[in-house]
Structures are given as structure tokens and as C-alpha cells.
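In the numbering used here, the protein residues as written are 648 to 1154.
Cβ atoms here follow ideal geometry from the backbone N, Cα and C, with glycine treated the same way.
Given the structure is predicted, the values throughout are model-derived calculations rather than measurements.
A short write-up of the structure that comes next.
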Amino acid sequence: MSDNVRVRFAPSPTGPLHMGGVRTALFNYLFAKKHNGTFVLRIEDTDQTRYVANAEQYIVDALEWCNIPFDEGPGKNEKFGPYRQSERKDLYKQYAEELLANGWAYYAFDTAEQLDAHRKDHEANGKTFIYNWHNREKGRLVNSLVLSEEEVQQKIAAGEKYVVRFKTPQDQTLILEDEVRGTIKIDTNTLDDKILFKSDGMPTYHLANIVDDHLMEISHVIRGEEWLPSLPLHSLLYTAFGWESPKFAHLPLILKPVGKGKLGKRDGDKLGFPVFPLEYTNEETGNVTRGYKEDGYFSDAFVNMLALLGWNPGTEQELFSLEALVEAFDLARVSKSGAKFSPDKTKWFNQQYLQQKTDNELVELYLPILENQGVTTDKDFAEKVVALIKERAVFVQDFWDLSSFFFQDPIEYDPKAAKKQWKETTGELMTELVTVIEGIEEFSIENAQTEIKGWITSKEIGFGKVMQPLRLSLVGKLAGPDLFEIMTMVGKETTIKRIQNAITNLG
RNA sequence: GGUAGGUUAGUUCAGCGGUAGAACGUUCGGCUCUCACCCGAAUGGACGCAGGUUCGAGCCCUGCACCUAUCUCCA
């Protein structure tokens, strides 16, 4: 493939970046790294009315957390800078003028209200209003194609608001190539004359996007499917400027977990999962929106899950490190249909990643939790606990519920289990067991096992008859790691104390 | 309504002309004092519908149905 791959992620700073945006960034990143290319971050802040101050920082932080940092962007390697469109404002005007001069664009003076009226009018007649050659020269619309040169200059001189529209060619069939979808044919007569330059002096997305992609020497445009309908316009703009077009790839939408439709920012609240990578505080309302990071997800698990949303490696492998993703990624294996997001599968990924972490890594995350619970312990002990319980956990924050009995006596006993396992004779048996335990000089796993198992065998009773009530005494429920591990870790005295507690409470 | 895209097991998805697959889920079994992990097995499908091309179609063509995106001086 090309030895000069340059891709960009171009979000609009209108709020926190949601997971769909992160997925787009990820695919761009993977594609860039796969081809030894460059991953550019460009901030598309041409809409001043929707600008949110802390959104850009959020985007940068989110990419950072996901471990997919950009190579070029605001404040970093500014070879093609600036990377904020608001700071490139002056640039776009000359390009709009170039198109006006060579007949690919024209001035339009129609007000938003007038256009609205036209749309409603058409709708009432069961038609769709299209601002293009069907209408633009019939005198209903006020633009430089129907007005004389003088009239146009007069209006502009009088300070009348105007926009610049693209003059879509008539009666052409465009044959477009998309790396994901293949060939797409479009009849230009169905296209709108899109606004390129707004009356507020700012370019629209369409103009700024093409100009910047060209100037920044972008080789591949990888973006969401919601942009597919504007591909014809973008392609025509490259033609109009006489520029070589980059290759395009439109990623399938991320669908909500239940029902149909695109995953929206509000779906998370409704269904109880985060939609954003990081927690976000809305500075105006003070609302805090939860994030995957704060909910306890590992970033590599989150990224792994996102990578499989709309892409598959063609093998049965599901677990990928970032490096492995870079290695395996291929635009040809991106699917065309929407990818349904699954919160359950996301949890599954997190569980898998948690199991892969070493005890040493996990204990660092565990210690603050213990501290929070007011437990003082040493790191070695905590690490042993982690080793014993981690296979039952999906999140690090599950650790406390799975391990509290290592540090605290059970406060209650699972009533169902108690009823089933604690029989008439159990109290006596447990009292006898206490004696056995007291007799163990060195309370090691091996010794405890030998003595207790030996005693059970000599009593000629079932193993479970003793072990189940013993587990109930120590843990409070019938779950958890190996009992001999637990006993030796809490120590002989605590073990005896807990058995006696149980005899008192359950006997 | 126009335009574009989609439709394969309960769910998420592979399969892109040659006897319908995986993962997750569910159920059962093995291993365990228990839960979990792990291992094994079972379960499961008019490949949206109807035509056509072909020796042969989930794959190609046509029509229809349904779903989605988009049609803002938003990106």
C-alpha cells in the first residue's frame, strides 16, 4: 500500500466524545499504524453556536486513556497547523472565492425563513424541495444565477447577508468508490446545492473539510456512515478544485443494544451503561455523565470491544492487544451493516482482561479499595488474596465483596445455605473440629489438610458434612476459594473464633 | 417522499458460486467442600419474501417487504 498514509480524526467539540467517535478514532489509528502512517487530530469547530469549551480537552484525554494518541494535532507536531478550523478561518474564504470565480459556486441571498417556506410548500404537495437546478433559475430563489452582476454587488454592498452555494452539475452520474462499500452510483440531479460558506463568515463542514484534508495531505478519509450521503458533494469539490481525492471509507453505525437505531448519547442512562470513555462534567448544568474508565473498565478491554464493532479479523480470535489489532486490521474486513453494541459483551471483555492481568498489577488497584474499607494489611497478603479471588471478578471493584471475609468475620449467614447445611448434629461436629484445629501445631495448608481430612476419614462421615458448615462459618456463604487457603490466611485463632461464632448463631 | 445502505442460529457476527459456521447465551456433564475458572457435550437456522441466471445460489440479477442513515446557514 501507499508508503505515505495520512489519516485524520476530525471531531467537533460540541460535547464529550462518545464511543462511536472513539471507534472512528481507533480505526483511523489502527489504519495509520498498520501502514506506518500518520494519525492527525483536527478540531472542527466551525459552528460557533455549538462550541463547548472543555470538549477539546476531553477528546485529547479520551484518546490518551485509550492509548491511541495522535501524531499531529493542536499543540503537537504542528507541521500542517493550525489544527483548529476556527484558527484557519481566513484560509477558507479564498477557496470559496476561487469556486465563485470559476463558476463552481454562486451567491445566494435567500433567508432561512424563505427556504423554510419553500420546503413546507413542496412538502404540502408531496414533493421534496431541492435547492439545485430544478429551482435555482426559476426566479423563486434569490441568487447570483438569476440576479444580474450589478444586483448582486448592490446587495453585498448594502450589507445583505449571503451564503455561498456549490453549483452541482446537472445530468451526471457519479461513480464513487468506497473502501468499505465498493462502487456507489449517484445521479447528480438528486443532489442539493449545499452551502459552502455561511453568512457568519465561517465555512461549513463541507468546504473546510475538503480544504483541510487537501492541505494536510490526507490520504484516506475514514469516518462514520452518517457522512456517506455527502460523499458525492465532497467528491465533486475535489473535482472543482482540481485536486486529487483521498480514498474514502465509511464505517458502519453503532446500533443501540436493544431495538433499532443509532446508539445515542441518552441510551446509556436508559439502559445502564456508559456511552462515554471518561466521566464528563457539563460545565453549564453541572451534570456528570459516567464513563467507562470510572465504571471500572480497563482501557484495553474497552478498545478491544470497540475494535470488533463493525470489524472482524476473519478468524475466531476475539482478544487482541493494541499491537495485535494494528497487525490484523484491514479496511476490507470492515462490515457494511450496522454493528450492535452489547454491554454484556463489553463486560465479558473486561473479565477476560482482568484475568490476564498479573496479581502484581491488580494488587495496586486493590490496595486503595482496602484502604477505603478501613482495612490495614500488607501488600503481600493483599496480593495473595487477589490471586485467590480474581477469577470470580469482572471488575476490580468486585474484589471487596469477594474478599471481605479475609479481613472481617462474617456478619450474617446465607439463610438458605444455613438451613440446608447446618443440621442437628453439626454443632457437636464443629466443636470437635475446633479441638482438632487447636491440636495443629504449625497451622500450614499441608498440616491443616492432613489433620482435618484425617479426622473426617476416621469419623467415617462425608467430606461435605464438615466442609460445608465450616465454609459457612468462615465465609458466611457457600462460595469462595479453597477453604484451607482461607483458614491459614486468616490464622488459627480467627478460624476457631469464627467456628465458635457460627455454633452460637446457627446451633 | 427522494437518495444511499442493510436483512444468515435466542443475541452478536463469519461465510462473497460447490454438503450452513463461530462466539456469547441456555441446558447438561466433568473437575471442586462450595462458587467461579477451566474442560467436554447438547441445544439451536424456510440464510427477509418472490421470481430469474446457473449443473449448482446465503452468495449473482430483478421486483417487493421491513429496518437504518441522510435530506439544517450542525458536524
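- By the Cβ rule, the region 1102-1111 does not count as touching the region 1014-1028, because fewer than three pairs are nearer than 8 Å.
- Under the 8 Å Cβ criterion, the region 760-770 does not count as touching the region 722-737, having fewer than three qualifying pairs.
- Going by C-alpha positions, L1035 is about 11 Å away from M1136.
- Taking a contact to require three or more Cβ pairs closer than 8 Å, the region 964-974 and the region 905-924 do not qualify as touching.
- Where V1083 is concerned, the enclosing alpha helix (DSSP H) starts and stops at T1073 to E1085.
- Between F844 and V810, the CB-CB gap stays under 8 Å.
- Taking C-alpha positions only, E745 is separated from T815 by approximately 16 Å.
- Note that the region 935-951 does not touch the region 694-708; fewer than 3 beta-carbon pairs, one per stretch, sit closer than 8 Å.
- Separation of L953 and D1061 (C-alpha to C-alpha, rounded to the nearest whole angstrom) is 39 Å.
- As summarised for the region 724-774, the continuous alpha helix (DSSP H) elements at least 4 residues long and confined to that stretch are 736-748 and 759-771, given in chain order.
- The residues Q817, in chain order, have a CB closer than 6 Å to that of W780 in the same chain once the five nearest residues on each side in sequence are set aside.
- When only Cα atoms are considered, I1103 and F1052 end up about 25 Å apart.
- Rounded to whole angstroms, the separation of the alpha carbons of T758 and K983 is 38 Å.
- Rounded to whole angstroms, the separation of the alpha carbons of Q695 and Y927 is 21 Å.
- A contact is defined here as three or more CB-CB pairs under 8 Å, and the region 733-747 meets this definition with respect to the region 839-854.
- Between the C-alpha atoms of L862 and E824 there is a straight-line separation of about 22 Å.
- Excluding its 5 nearest sequence neighbours in each direction, A1149 has C-beta neighbours in its own chain below 6 Å: S1120, listed in chain order.
- Secondary structure of A805 (DSSP, three-state): coil.
- If you compare the alpha carbons of P729, I842 and A1040 with that of D692, the shortest gap goes to P729.
- Under the 8 Å Cβ criterion, the region 876-883 does not count as touching the region 682-690, having fewer than three qualifying pairs.
- Cβ atoms of S866 and R653 come within 8 Å of each other, at about 5 Å.
- Contiguous alpha helix (DSSP H) elements confined to the region 907-936 occur at 914-918, taking only those with 4 or more residues.
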